[in-house]
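This is how it looks when you write it as structure tokens:
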């Protein structure tokens, strides 16, 4: 990344630009050597860029399981997806208990857990802390 972090832009603007939701007016954005600032957002997601939106933006009418599936919709590595599901259930056991419940009926804290879990269920190649594992109990 060069010239992206212009001092007058907010952090949110920078995140929007990295995600392809805002046009970069100067500079370029590179991900693992590939220029991505011209790609549409769905192509950037396929390359592993992820973020948890503010305000617990989940799919309120979908179940917990369906919300998690939305997080992994670009992935094809079924065995790793299953492994990541186990990790998410260990980190957020309340979500495992509520897997058939609609997301919109969860408490605010549970919705935030679901938003984070959905991110963790996605392609985490570029997420900070992607190698962090829940400590054993």
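Numbering (this note's numbering), first residue to last: 11 to 147. Idealized CB from N, CA, C, for every residue including glycine. Please read these numbers as outputs of a predicted model, since none were measured by experiment.
_When you compare the CB positions of residue 30 and residue 54, do they come within less than 7 angstroms of one another, or not?_
yes
*How long is the line joining the alpha carbons of residue 28 and residue 58, rounded to whole angstroms?*
11 angstroms
*According to DSSP, is residue 61 helix, strand or coil?*
coil
*Take every Cβ of the segment 98 to 111, pair it with every Cβ of the segment 40 to 56, and state whether three or more of those distances are shorter than 8 angstroms.*
no
*Please report how far the alpha carbon of residue 8 lies from the alpha carbon of residue 109, in whole angstroms.*
Outside the displayed range of the chain (11 to 147) lies residue 8, so it cannot be described from this structure.
*asked:* Taking its Cβ as the centre, do 16 or more other Cβ atoms sit within 10 Å of residue 44, making it buried, or is it exposed?
replied: exposed
*If we ignore side chains and look at the alpha-carbon of each, how far apart do residue 76 and residue 35 end up?*
37 angstroms
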